[in-house]
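Novice: Got a structure for you, questions after.
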Amino acid sequence: MIPSFFTKLGIWERLLLAFGAIAGMTVLAVLTALFLLDSSSEIFATITEKNLPELAQVADVAETGGQIIAIAPNLASAPDEETQKRIRADLDLLLLQFSREVGLLEHTNPQLRRGIDDLLGRLKDNLVSLQIVVTDRLREEKRLQKHMERLRWLYSDMLEEIEPLSQDLNYNLDAEIDRIRSAAGQGEKNISAAKLRSNRRFKKIVDRIGNNGDLLVSLLLQASSAQMDAQVDNLAALASDTIVSLRFSLEHYSDEASALTLHQVFSEVLTRAEGPDGVFALKKRIIANNIKGQDILAENARIVGQLRTVIRTVVTRTQAEALNAAAVTKGKLERARWAQLGLVFLSLILAVCVLWFYVRGSIVARLNALASSMQAIAGGELQYSIPEAGDDEIGKMAGALRVFRDTAQAVEEANSQAIIDNAAVGLVIADPDGTIRFFNMMAVSLFNADPQVMIGQNLSYFVSVPEEQAFCDACSLAFNSENNGQIVNVYQGVKSDGFEFPIEVVIRPVQQRNQRSLMITLHDVTEREKAQELLQKRVREKTDHLSVTNAKLRQEVKERRRVQDELVQAGKLAALGQLSAGIAHELNQPLSAIRYYLHNARLLLERGQIEVHQENIDKIDNLSARMATMINHLKKFARLPSNKLHPVEVVPVIEQSLALLTARIVEDNIVIEPRYKEQSYIITAEDIRLEQVLVNVFGNAIDAVGQQGEGERKISVDVIEAEETISIEITDTGAGIPPEVKESIFDPFYTTKEVGKGLGLGLSISYNIVKDMRGEISATNAATGGTKFILSFQKAAG
-5 MIPSFFTKLG IWERLLLAFG AIAGMTVLAV LTALFLLDSS SEIFATITEK NLPELAQVAD
55 VAETGGQIIA IAPNLASAPD EETQKRIRAD LDLLLLQFSR EVGLLEHTNP QLRRGIDDLL
115 GRLKDNLVSL QIVVTDRLRE EKRLQKHMER LRWLYSDMLE EIEPLSQDLN YNLDAEIDRI
175 RSAAGQGEKN ISAAKLRSNR RFKKIVDRIG NNGDLLVSLL LQASSAQMDA QVDNLAALAS
235 DTIVSLRFSL EHYSDEASAL TLHQVFSEVL TRAEGPDGVF ALKKRIIANN IKGQDILAEN
295 ARIVGQLRTV IRTVVTRTQA EALNAAAVTK GKLERARWAQ LGLVFLSLIL AVCVLWFYVR
355 GSIVARLNAL ASSMQAIAGG ELQYSIPEAG DDEIGKMAGA LRVFRDTAQA VEEANSQAII
415 DNAAVGLVIA DPDGTIRFFN MMAVSLFNAD PQVMIGQNLS YFVSVPEEQA FCDACSLAFN
475 SENNGQIVNV YQGVKSDGFE FPIEVVIRPV QQRNQRSLMI TLHDVTEREK AQELLQKRVR
535 EKTDHLSVTN AKLRQEVKER RRVQDELVQA GKLAALGQLS AGIAHELNQP LSAIRYYLHN
595 ARLLLERGQI EVHQENIDKI DNLSARMATM INHLKKFARL PSNKLHPVEV VPVIEQSLAL
655 LTARIVEDNI VIEPRYKEQS YIITAEDIRL EQVLVNVFGN AIDAVGQQGE GERKISVDVI
715 EAEETISIEI TDTGAGIPPE VKESIFDPFY TTKEVGKGLG LGLSISYNIV KDMRGEISAT
775 NAATGGTKFI LSFQKAAG
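In our numbering, the protein residues as written are -5 to 792.
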């Protein structure tokens, strides 16, 4: 049982208590989550403030150590002192950075700092030793390079000394052999033979010196590029034997004056081959320094490897600590999640209980009942009952609704009566069977009936007998309509004295409280019928008048078309008249030739030269065909054109138009420049009318350029194809169109020519012809001077 104090509370206090309980559970869940998150934040702080910085610092140390390992071999293999200094500077920077990063570890891991300090000292000593070895190697390589450069020059000097000596000895040998052959006595032969033996001995010594010198230089060059210590020893042993042989040969050749320079060259070569500063000794020291550098690099790798092992140990330990802290945090967060889910679940159960048992049962159910009453009253059911709802806010709303219902009933009754009494039309309320239950005074006035007689009377009583059944059917149809539509008809009404008059009846179903009835409005349309009849009479009169006017207009349009066609034909004949002189010239030329060939034919027949006579006959035939073509062209141009449009090839029409004007073009020395491509351009037009337009435009262009000097009389023709249209552009080099006459050039009887040279109809006729063919024609001044006419037509379909 609900406590008495709870029933005294309003809806606001009850909802406040219910949602306060839900909010308390929610706050408890949030506090529990905050407590668990606070304990987890300490672990996260340890991870972020200790473990993660330590991992980052150790990673930086490991990265710097890796860079030292990568750069140290470059120091050992530096090709020159400049590269060595640059690499050493990079290593010094890395060591400084390494020391700084190790210093940062003192705050997070002092023990690791002490271990790394020892390794860092060994690493610095290692790099210093490597620097010393590299410096020694570069110094020895520099000395070796100087030896080899000097040795190449000495080798060149040796060749320059050996080759001339060898050539001189060969010459002396040949000379002694010739003396022996030419000697007369035995004594001279013996002397020459002794000299020959002496020259041969010196020749062998010189050859041996040259061969040993080549071998020694070759061994020195091989030793300079040797990579192994044993290889250098082998080359040095071979060089030692070669030096002994070379010294022996030079001692036997020391008495010759020509051997002085040779002794000096080989003395310097031997100096660079022997001793502690010789090539072989230098190369052995270079190889020894390389081996020592590799040993130092290996020690460097071992030191860095130990450093990485120490770092890897720290990283492993730090990762383990971080993972352990994350696991602890995960467990706490898991418990916090379950605790929060439990509290949320309890909050949901509490909220569901509040919503189901209180909001739904005590508030929503009462509001639904009150809403049903409101909907019924809004729908016109003013007698609908209103439930009792207690003393809270809903009960107060129910009391207010009862007051509203009673007031609405009174207002509705008063307003309905006022509207009905003051309506400008007759208003009747009837039962489904047509029995009148209510009427207003306007309905009484329409039928001149006694109000007492109308109550209970059937509606059909006021409609003429022939229309009674139709009226009853309309009432039945309107009453049974599902969408409450209205029916409007005009019937013949009957007054109480039997007088019939047209009346407009609007029938619609109405719902009054729980009863469905018919509401019928009645309107006398006698005046409207008269007005409609008068309007129809006037419309018939206006229609007859417009028919006569249209017939006159059609006749005038037909007459205008006939006059325009005659004007177009006259324009063509006028153009032919202007071209007559040129046409006569074109016909006279072949006629004169025909007379000449006929005269020759008579002479050839008299002489019996049949073959030559046949050639003249063929020429006469060609000239006759040419005249027939021209005459047929003139006949085609002069005949009445068809008004039907059809596909027309543009280029042939242009050429035919120019052919008619050939005499004028030749006479005035005018240059025609066709700029269109050799392809097919097909438009929708009529070929004869298009040719007439082109003849007019070309004729005006000829007149315009005829006023220019020789060499400036040019007319260009171009055909431009667009997506849906094809344009013919005709440009002349005349004076152009003055601005003040540009808008009038297509007007009838407007011309800029002298009196007697034009009527001003050519362009006007051309304008109308182009418009009839659904085209456009315009004229403008060309960019290069002169006038440009543009004729645009629709492309032919297909």
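By construction, the Cβ of each residue, glycine as well, lies at the ideal position given by its N, Cα and C atoms.
What you are looking at is a predicted structure, and each value in this text was computed from that prediction instead of being measured.
1) So, with DSSP's three-state summary, where would you put Ala776?
2) I'd like the span of the alpha helix (DSSP H) that includes Leu440, first residue to last.
3) Count the other C-beta atoms from every protein chain shown that fall within 10 angstroms of the C-beta of Pro503, then say buried if there are 16 or more, exposed otherwise.
4) Kindly indicate the opening and closing residues of the alpha helix (DSSP H) around Leu254.
5) Can at least three beta-carbon pairs, one atom from the stretch 643 to 653 and one from the stretch 708 to 724, be found at a separation below 8 Å?
6) Can we say the stretch 232 to 249 touches the stretch 121 to 138, given the rule of at least three CB pairs closer than 8 Å?
7) Apart from the five residues just before and just after Ile677, which ones in its own chain have a Cβ nearer than 7 Å to its Cβ?
8) Could you tell me the alpha carbon to alpha carbon distance between Asn452 and Ile430, rounded to whole angstroms?
9) Return yes when the Cβ of Thr781 is within less than 7 Å of the Cβ of Ile739, no when it is not.
10) Report back the beta-carbon spacing between Val211 and Leu163 to the nearest angstrom; my notes put them in contact at under 8 Å.
11) Does the beta-carbon of Val660 have 16 or more other beta-carbons within 10 angstroms, so that it is buried, or is it exposed?
12) Decide yes or no for the touch test of the stretch 757 to 766 against the stretch 671 to 691: beta carbon pairs closer than 8 Å, at least 3 of them.
13) With DSSP run on the structure shown, which of helix, strand or coil describes Pro503?
14) Looking at the structure shown, is Pro460 part of a helix, part of a strand, or coil, going by DSSP?
15) Which class does Ile666 belong to by DSSP, given the choice of helix, strand or coil?
16) From Ile380, Thr323 and Leu335, pick the residue whose C-alpha is nearest to that of Leu22; which is it?
17) Sort out for me which residues DSSP pairs Tyr675 with in a bridge.
18) Have a look at Ala716 and Arg669 and give me their C-alpha separation to the nearest angstrom.
19) Is Leu148 closer than 7 Å to Val263 when the C-beta atoms are compared?
20) Could you name the residues of the same chain whose beta carbon sits closer than 8 Å to that of Lys671, not counting the 5 residues immediately before and after it, in chain order?
21) By alpha-carbon positions, which one of Arg658, Asp208 and Leu684 ends up nearest to Leu639?
22) Quick one, which of Ser772, Lys708 and Leu512 has its alpha-carbon nearest Glu737's?
23) Please list, in chain order, all residues of the same chain as Gly204 whose beta carbon is under 6 Å from its beta carbon, the five residues on each side excluded.
24) Taking 7 Å as the cut-off, decide whether the C-beta atoms of Ala345 and Ile16 are in contact.
25) DSSP state of Gln797, grouped into three classes?
26) Counting only beta-carbon atoms, is Asp662 nearer than 7 Å to chain D?
27) Between which residues of its own chain and Ser710 is the CB-CB distance below 7 Å, once the five residues before and five after are set aside?
28) Short check: CB of Lys489 to CB of Phe441, under 7 Å?
29) Where does the unbroken alpha helix (DSSP H) through Asp425 begin, and where does it stop?
30) Quick one: give me the first and last residue of the beta strand (DSSP E) that Glu245 is part of.
31) Leaving out the 5 sequence neighbours to the left and right, which residues in its chain are closer than 8 Å to Ala777 when beta-carbon positions are compared?
32) On the premise that Leu512 lies in contact with Ala545, defined as a C-beta separation below 8 Å, what is that separation, rounded to the nearest angstrom?
33) Assess, as a yes-or-no matter, whether the stretch 287 to 297 is touched by the stretch 236 to 245 under the definition of 3 or more beta carbon pairs within less than 8 Å.
34) When DSSP labels each residue in this structure, what does Thr543 get in the three-state scheme?
35) Let me make sure I understand the geometry here. Which of Tyr675, Thr727, Ile682 and Ser674 has the alpha-carbon closest to that of Ala698?
Specialist: Looking at the coordinates:
1) Position 782 of the sequence shown, counted from the first residue, corresponds to residue 776. When DSSP states are grouped into helix, strand and coil, Ala776 belongs to the coil group.
2) Position 446 of the sequence shown holds residue 440. According to the DSSP assignment, Leu440 belongs to the alpha helix (DSSP H) that extends over Met435 to Phe441.
3) Numbered from its first residue, the sequence shown carries residue 503 at position 509. Looking at its Cβ environment, which holds 16 or more other Cβ atoms inside 10 Å, Pro503 is buried.
4) To locate residue 254, count along the sequence shown from 1; it is residue 260. Membership of Leu254 in the alpha helix (DSSP H) is indicated by the continuous run Leu254 to Ala267.
5) As far as the Cβ criterion goes, the stretch 643 to 653 touches the stretch 708 to 724, which means the pair count is three or higher.
6) These segments do not touch.
7) Counting from 1 along the sequence shown, the entry for residue 677 is found at position 683. These residues qualify, in order along the chain: Val642, Val644, Ile720, Phe787, Gln788, Lys789 and Ala790.
8) Taking the first residue of the sequence shown as position 1, residue 452 is located at position 458. Taking the first residue of the sequence shown as position 1, residue 430 is located at position 436. Asn452 and Ile430: Cα-Cα distance of roughly 6 Å.
9) Taking the sequence shown and counting its residues from 1, the one referred to as residue 739 is at position 745. Taking the sequence shown and counting its residues from 1, the one referred to as residue 781 is at position 787. No, the Cβ-Cβ distance between Ile739 and Thr781 is not below 7 Å.
10) For the purposes of this step, residue 211 is taken as the residue at position 217 of the sequence shown. For the purposes of this step, residue 163 is taken as the residue at position 169 of the sequence shown. With 8 Å as the limit, Val211 and Leu163 do not qualify as a contact, their Cβ atoms being about 22 Å apart.
11) In the sequence shown, the residue the question calls residue 660 occupies position 666. That one is exposed.
12) As far as the Cβ criterion goes, the stretch 757 to 766 touches the stretch 671 to 691, which means the pair count is three or higher.
13) For the purposes of this step, residue 503 is taken as residue 509 along the sequence shown, with counting starting at 1. Strand.
14) Looking up residue 460 in the sequence shown gives position 466. Three-state DSSP puts Pro460 in a helix.
15) Position 672 of the sequence shown, counting from 1, holds the residue named residue 666. Strand.
16) Within the sequence shown, residue 22 is the residue found at index 28, counting from 1. Nearest option by C-alpha distance: Leu335.
17) Residue 675 sits at position 681 when you count from the first residue of the sequence shown. Answer by DSSP bridge pairing: none, since Tyr675 is not bridged.
18) Along the sequence shown, one-based indexing puts residue 716 at 722. Along the sequence shown, one-based indexing puts residue 669 at 675. Those two C-alpha atoms are separated by around 16 Å.
19) Numbered from 1 along the sequence shown, position 269 holds the residue referred to as residue 263. Numbered from 1 along the sequence shown, position 154 holds the residue referred to as residue 148. Against a cut-off of 7 Å, the Cβ pair of Leu148 and Val263 comes out as a contact.
20) The residue you call residue 671 lines up with position 677 of the sequence shown. Excluding positions up to five away in sequence, the list reads Val713.
21) Along the sequence shown, one-based indexing puts residue 639 at 645. Of all alpha-carbon atoms in Arg658, Asp208 and Leu684, the one lying nearest the alpha-carbon of Leu639 is that of Leu684.
22) Residue numbering aside, residue 737 sits at position 743 when the sequence shown is read from its first letter. Ranked by Cα distance from Glu737, the options Ser772, Lys708 and Leu512 are led by Ser772.
23) Locating residue 204 in the sequence shown gives position 210, counting from the first residue. Cβ within range, chain order: Ile156.
24) Along the sequence shown, one-based indexing puts residue 345 at 351. Along the sequence shown, one-based indexing puts residue 16 at 22. Inclusion of Ala345 and Ile16 in the CB contact set at 7 Å is warranted, their separation being smaller than that value.
25) Because the chain spans -5 through 792 in this model, residue 797 falls outside it and cannot be assessed.
26) Going by chain labels, chain D is absent from the structure shown, which holds only one protein chain.
27) Residue numbering aside, residue 710 sits at position 716 when the sequence shown is read from its first letter. Hits under 7 Å: Glu667, Arg669 and Thr725.
28) Within the sequence shown, the letter at position 495 stands for residue 489. Within the sequence shown, the letter at position 447 stands for residue 441. Yes, Cβ-Cβ distance for Lys489 and Phe441 is below 7 Å.
29) As a working mapping, residue 425 is identified with position 431 in the sequence shown. Unbroken run through Asp425: none, as it is neither H nor E.
30) On the sequence shown, residue 245 is found 251 positions in, with the first residue counted as 1. No beta strand (DSSP E) contains Glu245, which is instead part of the alpha helix (DSSP H) from Asp223 to His246.
31) Residue numbering aside, residue 777 sits at position 783 when the sequence shown is read from its first letter. Answer for Ala777: no residue qualifies.
32) Here the question's residue 545 lines up with position 551 in the sequence shown. Here the question's residue 512 lines up with position 518 in the sequence shown. Actually they are not in contact, since the Cβ atoms of Ala545 and Leu512 sit about 54 Å apart, beyond 8 Å.
33) No, the stretch 236 to 245 does not touch the stretch 287 to 297.
34) Along the sequence shown, read from residue 1 onward, the residue named residue 543 stands at position 549. Correct three-state label for Thr543: helix.
35) Position 704 of the sequence shown, counted from the start, is the residue given in the question as residue 698. Ranking Tyr675, Thr727, Ile682 and Ser674 by Cα distance to Ala698 puts Thr727 first.
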